[in-house]
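Single-structure report; data block below.
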Ligand SMILES: NC(=O)c1ccc[n+]([C@@H]2O[C@H](COP(=O)([O-])OP(=O)(O)OC[C@H]3O[C@@H](n4cnc5c(N)ncnc54)[C@H](O)[C@@H]3O)[C@@H](O)[C@H]2O)c1
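Residue numbers (the numbering used here): 37 to 363.
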């Protein structure tokens with residue numbers, strides 16, 4: 037094993053992971069990335085970091101427990117941000133076995149590795165506001181029970197509970213983030229609302245809404261979430277005893293109707309004149325979801341800094357450049 041200290045980021049080719057890795061590298065951490073994807077490139081230019089071996093990225097399916105353990109044994113991992121997951125709800129609905137296997141078992145494999153080999157490693161699990169499921173009382177608070185019932189939601193809430201078990205029962209330094217919908221540069225999942233809307237506008241196509249547009253959602257800019265993850269990591273270094281359940285929401289507590297958000301994006305491009313097609317076929321969606329961040333503010337000194345307006349401007353700018361360079 038090398039003595040060099042690494043922060044492990046799983047799902048390294050994903051949207052959030054790439055933004056997190058960018059920040060970690062800027063802060064001079066060494067990063068070990070793992071993703072099942074190969075033959076893809078990062079959306080940021082990490083080549084200098086790769087040459088200097090500040091960033092090592094490995095293509096591996098985390099479900100391959102043997103290969104995973106053999107790989108991890110070669111590195112001194114001080115923190116693991118576990119982000120890898122099946123994140124597309126329609127994929128989770130269509131392939132429940134793969135959804136549960138990936139979103140639950142990979143968490144267990146990683147936790148077991150650290151329990152047996154490196155108990156001091158800080159383990160930060162990327163849960164979601166979806167883990168809370170349906171509540172009549174909002175905003176979501178960290179002490180709400182996890183009521184998710186749909187495949188993706190249950191896969192996140194199950195992992196979330198398992199991570200808590202390794203904390204309470206095995207005394208490991210684990211923590212959980214429950215973020216609302218994240219948007220920003222680098223999200224190439226074009227069936228998510230914001231990327232899909234921007235793409236439709238750039239291609240001058242009709243915007244299609246699967247929901248009725250009336251649901252309330254909370255949207256947060258990716259840099260704010262990355263700041264939250266890093267504040268949580270620093271908090272975990274300082275706080276040796278778990279008094280706070282180490283679970284933190286990252287949200288804005290400023291819910292907006294889906295249709296209003298789409299209109300904000302449309303209004304940023306005066307030339308776009310197409311109408312919105314509201315399909316209203318999203319049957320399994322929870323009606324309203326948004327989160328308070330007061331616990332994160334109190335203990336992590338974290339709050340969202342990007343307004344929706346600024347975040348959307350930055351996001352449109354990034355996609356416009358990205359799509360132009362792709363032509
Ligand atoms: N994007 C959001 O709005 C949001 C909100 C709350 C929580 N989260 C959570 O944050 C994490 C990251 O989300 P994202 O939006 O960046 O997702 P993403 O889909 O962009 O990235 C996920 C990455 O995980 C990788 N992956 C999947 N299965 C794997 C496996 N078996 N082995 C190795 N790699 C695997 C994928 O290849 C992909 O690159 C997820 O855990 C998600 O549940 C995301």
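Every residue, glycine too, gets a C-beta built ideally from N, C-alpha and C. Because the structure is a prediction, the values reported are computed rather than measured.
Going by C-alpha to C-alpha distance, which of 211, 213, 244 sits closest to residue 227? As a working mapping, residue 227 is identified with position 191 in the chain shown. Taking only the C-alpha atoms, the option nearest residue 227 is 244.
Would you say residue 49 touches ligand 1, meaning its beta carbon is less than 7 Å from a heavy atom? By 1-based counting over the chain shown, the position of residue 49 is 13. Answer for residue 49: yes, Cβ within range of ligand 1.
Pull up the distance between the alpha-carbon of residue 103 and that of residue 96, whole angstroms please. Here residue 103 corresponds to residue number 67 of the chain shown, with the count starting at 1. Here residue 96 corresponds to residue number 60 of the chain shown, with the count starting at 1. Here the alpha carbon of residue 103 sits roughly 8 Å from the alpha carbon of residue 96.
One or two residues paired with residue 217 in a DSSP bridge: The sequence position of residue 217 within the chain shown is 181, counting from 1. Residue 217 is bridged by DSSP to 255.
CB of residue 43 within 8 Å of CB of residue 67, strictly: On the chain shown, position 7 is the one that residue 43 refers to. On the chain shown, position 31 is the one that residue 67 refers to. Pairing residue 43 with residue 67 gives a Cβ-Cβ distance under 8 Å.
Do residue 328 and residue 176 have their CB atoms nearer than 8 Å? Counting from 1 along the chain shown, the entry for residue 328 is found at position 292. Counting from 1 along the chain shown, the entry for residue 176 is found at position 140. Contact flag set, yes.
Only counting the same chain, and skipping five residues up and downstream in sequence, which positions put a Cβ closer than 6 Å to that of residue 158? Here residue 158 corresponds to residue number 122 of the chain shown, with the count starting at 1. Same-chain partners within the cutoff: 115, 209, 272.
If you draw a straight line from the alpha carbon of residue 185 to that of residue 127, how long is it in whole angstroms? The residue given as residue 185 occupies position 149 in the chain shown. The residue given as residue 127 occupies position 91 in the chain shown. Whole-angstrom Cα-Cα distance: 16 Å.
Quick one: Cα of residue 122 to Cα of residue 135, how far? Looking up residue 122 in the chain shown gives position 86. Looking up residue 135 in the chain shown gives position 99. If you take the alpha carbons of residue 122 and residue 135, they lie about 6 Å apart.
Endpoints, alpha helix (DSSP H) assigned at residue 195: The residue labelled residue 195 in the question sits at position 159 within the chain shown. Counting along the chain, the alpha helix (DSSP H) containing residue 195 begins and ends at 187-204.
In the DSSP output, what is residue 161 paired with across the bridge? Here the question's residue 161 lines up with position 125 in the chain shown. Per DSSP, 118, 212.
If we ignore side chains and look at the alpha-carbon of each, how far apart do residue 231 and residue 51 end up? Reading the chain shown from its first residue, position 195 is the one you call residue 231. Reading the chain shown from its first residue, position 15 is the one you call residue 51. Spanning the two alpha carbons is a distance of roughly 12 Å.
Going by the CB atoms, is the gap between residue 216 and residue 59 shorter than 8 Å? Position 23 of the chain shown, counted from the start, is the residue given in the question as residue 59. Position 180 of the chain shown, counted from the start, is the residue given in the question as residue 216. No, the pair does not count as a contact, with Cβ atoms beyond the cut-off.
Let's see if you can read the secondary structure: which residues bound the alpha helix (DSSP H) around residue 142? Working through the chain shown from its first residue, we reach residue 142 at position 106. Judged by DSSP secondary structure, residue 142 falls within the alpha helix (DSSP H) whose first and last residues are 142-153.
Taking only three categories from DSSP, how would you classify residue 41? Walking along the chain shown from the start, residue 41 turns up at place 5. Collapsing the DSSP output to three states places residue 41 in a strand.
Quick one, which of 221, 110, 181, 313 has its alpha-carbon nearest residue 248's? Here residue 248 refers to the residue found at position 212 of the chain shown. For the options 221, 110, 181, 313, the alpha carbon positioned closest to that of residue 248 is the one of 313.
Please determine whether the Cβ atom of residue 164 lies at a distance below 7 Å from any heavy atom of ligand 1. Reading the chain shown from its first residue, position 128 is the one you call residue 164. Checking every heavy atom of ligand 1 against the Cβ of residue 164, one is found closer than 7 Å.
Compute every distance between the C-beta of residue 122 and the non-hydrogen atoms of ligand 1, then say whether any falls below 7 Å. The residue labelled residue 122 in the question sits at position 86 within the chain shown. For residue 122, the Cβ falls inside the 7 Å cut-off from some heavy atom of ligand 1.
Let me check one thing: in DSSP terms, what residues is residue 67 bridge-paired to? The residue you call residue 67 lines up with position 31 of the chain shown. DSSP output for residue 67 lists 43, 91 as bridge partner(s).
Let's test the definition: count the other Cβ atoms within 10 Å of the Cβ of residue 7 and tell me whether it reaches 16, buried, or not, exposed. This structure leaves residue 7 out entirely; the chain is present only between 37 and 363.
Please confirm whether residue 340 and residue 288 have their CB atoms less than 8 Å apart. Along the chain shown, one-based indexing puts residue 340 at 304. Along the chain shown, one-based indexing puts residue 288 at 252. Judged by beta-carbon spacing, residue 288 lies within the 8 Å limit of residue 340, meaning their Cβ atoms are closer than that value.
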